[in-house]
Amino acid sequence: MRLHRLDITAFGPFGTTQRIDFDELSAGGLFLLHGPTGAGKTSVLDAVCYALYGAVPGARQGGQGLTLRSDHAAPATRTEIRLELTVAGRRLEVTRQPPWARPKKRGTGTTTEKAQTWLREYEASAGSWKDLSRSHQEIGEEITQLLGMSREQFCQVVLLPQGDFARFLRADAEARGRLLGRLFDTHRFAEVEKRLTERRRAAESEVRDGDAALLADAHRMQQAAGDIAELPLADLAPGDPGLAEDVLAWAAVARVTARERLALAHGAVSAAESAHAAADLELDDVREVARLQRRFTEARERAARLEERSDSHHETQTRMDRGRKAEAVAPALDLRDEAEAEHRRATTAEAHARAALPASFADAGAAGLAADARRAAEELGGLASARRAEARLGELT
């Protein structure tokens, strides 16, 4: 913000119109308002504040603006403040007339007129002033928005009271702090600082608790990792600066090392599995060779045993052949046995019969015996054949 011109009429100690050209004053840089007490130095600053915000700093803002009127002004002269300034790149002119009790035009006594406000903006393209508003509220909002400060903030930051400023220059650090606190109304900032301090303590407590939990996890990781984590864990306490970063860095190194070892272990496992599979194949081949060798050994042993038993086998084979041949004459042998048995029975019967016969029957008996002898001879012929067969069977067996 830059002030260009200030016109004061019937305001404070100024009974007539006074014009202050700030452009001329600021042409040399800084300028100083000075003069004896009551000369109107503070009133100039009050006029600037009133032009901007429609009120003056401190206790002088009471009285609905009636106390702002100069006691030296003529009854018919109305109090007016006109300020021309540039703010936010815009050249504006603010005119304010506080309420005042003017003499009645007819009769005696006074009548109170309401406060009035005008806001104009200079248009460089047209080279003239343009009316913007005559509303107290609109003009106040516009000025506040352009300046970015309320009246209280403007008075605390820009317009320091004269006596307080002098005390501020002579005061020590503690007194300056109290004075600045009173001038700038910093109690709310103290409350904010208190709240921030409480939140900081709570945050520190949470951080310490989180650091303790993090350290506990890190120690458990270190125990589980064993010799994997080659980088030692930093000796830090909960709440120490950089603890989380150090633990995370250590954990990252441990994780990378563990991953490398895991990759090596996977490679070793893969190699071992491949070697195991190859060994299984080789073992299967060796087992097959051993099985074949056992079978070969068993076959050779069986062959040796068979070779040892070959003679008895030949004898047995010969006997088996002779037995098969004897089976052909076995019926004849049976017949022979039956014929011999029958012959013995006949001979016995004949002997018994001859013993029982009388002598007269001897001839007849003789004829009968001759017939029996022929039959016996025939039977004996068959018996002879049977004996020959038996003898042949004995030769075969």
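The sequence shown maps to residues 1294 to 1690 in this note's numbering.
Where is the CB? At the ideal position from N, CA and C, for every residue including glycine.
As the structure is a computational prediction, the values presented were derived from the model and not from experiment.
{"query": "Endpoints, the alpha helix (DSSP H) within which residue 1573 is located", "result": "1536 to 1601"}
{"query": "Cβ pair count under 8 Å reaching 3, the region 1384 to 1404 against the region 1315 to 1332", "result": "no"}
{"query": "Residue environment, residue 1471, which counts as buried when at least 16 other CB atoms sit within 10 Å", "result": "exposed"}
{"query": "For residue 1649 and residue 1638, the rounded distance between their alpha carbons", "result": "17 Å"}
{"query": "DSSP-derived helix/strand/coil call for residue 1639", "result": "helix"}
{"query": "6 Å Cβ shell around residue 1386 - same chain, five flanking residues per side excluded", "result": "1377 and 1413"}
{"query": "Cβ contact check for the region 1302 to 1309 and the region 1410 to 1425: 3 or more pairs under 8 Å", "result": "no"}
{"query": "CB-CB length for residue 1440 against residue 1380, believed under 8 Å", "result": "6 Å"}
{"query": "Cβ neighbours of residue 1368 in the same chain (closer than 7 Å, five flanking residues each side left out)", "result": "1396"}
{"query": "Extent of the continuous alpha helix (DSSP H) to which residue 1452 belongs", "result": "Taken as a continuous stretch (DSSP letters only), residue 1452 belongs to no alpha helix (DSSP H), as it is neither H nor E."}
{"query": "Per-residue DSSP class, three states only, for residue 1756", "result": "One cannot answer for residue 1756 here, as it falls past the ends of the chain, which runs 1294 to 1690."}
{"query": "Nearest residue (CA-CA) to residue 1502, options 1312, 1544 and 1536", "result": "1536"}
{"query": "Cβ-based burial, residue 1390 [other Cβ within 10 Å; buried from 16]", "result": "buried"}
{"query": "DSSP state of residue 1655 mapped onto helix, strand, coil", "result": "Note on residue 1655: pLDDT 48, under 50, position unreliable in the model; no value is reported."}
{"query": "Backbone CA spacing between residue 1464 and residue 1487 [nearest angstrom]", "result": "26 Å"}
{"query": "Secondary structure of residue 1251, DSSP reduced to three states", "result": "It is not possible to answer for residue 1251, since the shown part of the chain is limited to 1294 through 1690."}
{"query": "C-beta contact flag for residue 1507 and residue 1540 at 8 Å", "result": "yes"}
{"query": "Where the beta strand (DSSP E) containing residue 1380 begins and where it ends", "result": "1373 to 1380"}
{"query": "Cβ-based burial, residue 1433 [other Cβ within 10 Å; buried from 16]", "result": "buried"}
{"query": "Segment limits, alpha helix (DSSP H) that includes residue 1479", "result": "Per DSSP, residue 1479 belongs to no alpha helix (DSSP H) and is neither H nor E."}
{"query": "CA nearest to the CA of residue 1543, picked from 1573, 1556, 1530 and 1511", "result": "1511"}
{"query": "Simplified DSSP state of residue 1358, which is helix, strand or coil", "result": "Summary for residue 1358: the model assigns pLDDT 46, below 50, so the residue's position carries little reliability, and this model does not support an answer."}
{"query": "Candidates 1374, 1592, 1574 and 1580, of which the one nearest residue 1339 by Cα", "result": "1374"}
{"query": "Residue 1647 classed as buried or exposed, judged by whether at least 16 other C-beta atoms fall within 10 angstroms", "result": "exposed"}
{"query": "Residue 1301 classed as buried or exposed, judged by whether at least 16 other C-beta atoms fall within 10 angstroms", "result": "buried"}
{"query": "Alpha-carbon to alpha-carbon, residue 1421 and residue 1409", "result": "22 Å"}
{"query": "Spatial distance of residue 1437 from residue 1451 (CA atoms)", "result": "14 Å"}
{"query": "Alpha-carbon spacing of residue 1315 relative to residue 1427, whole angstroms", "result": "25 Å"}
{"query": "CB contact flag (residue 1361, residue 1343, <8 Å)", "result": "yes"}
{"query": "Residue 1615 versus residue 1623: straight-line alpha-carbon distance, rounded", "result": "12 Å"}
{"query": "Span of the alpha helix (DSSP H) around residue 1317", "result": "1315 to 1318"}
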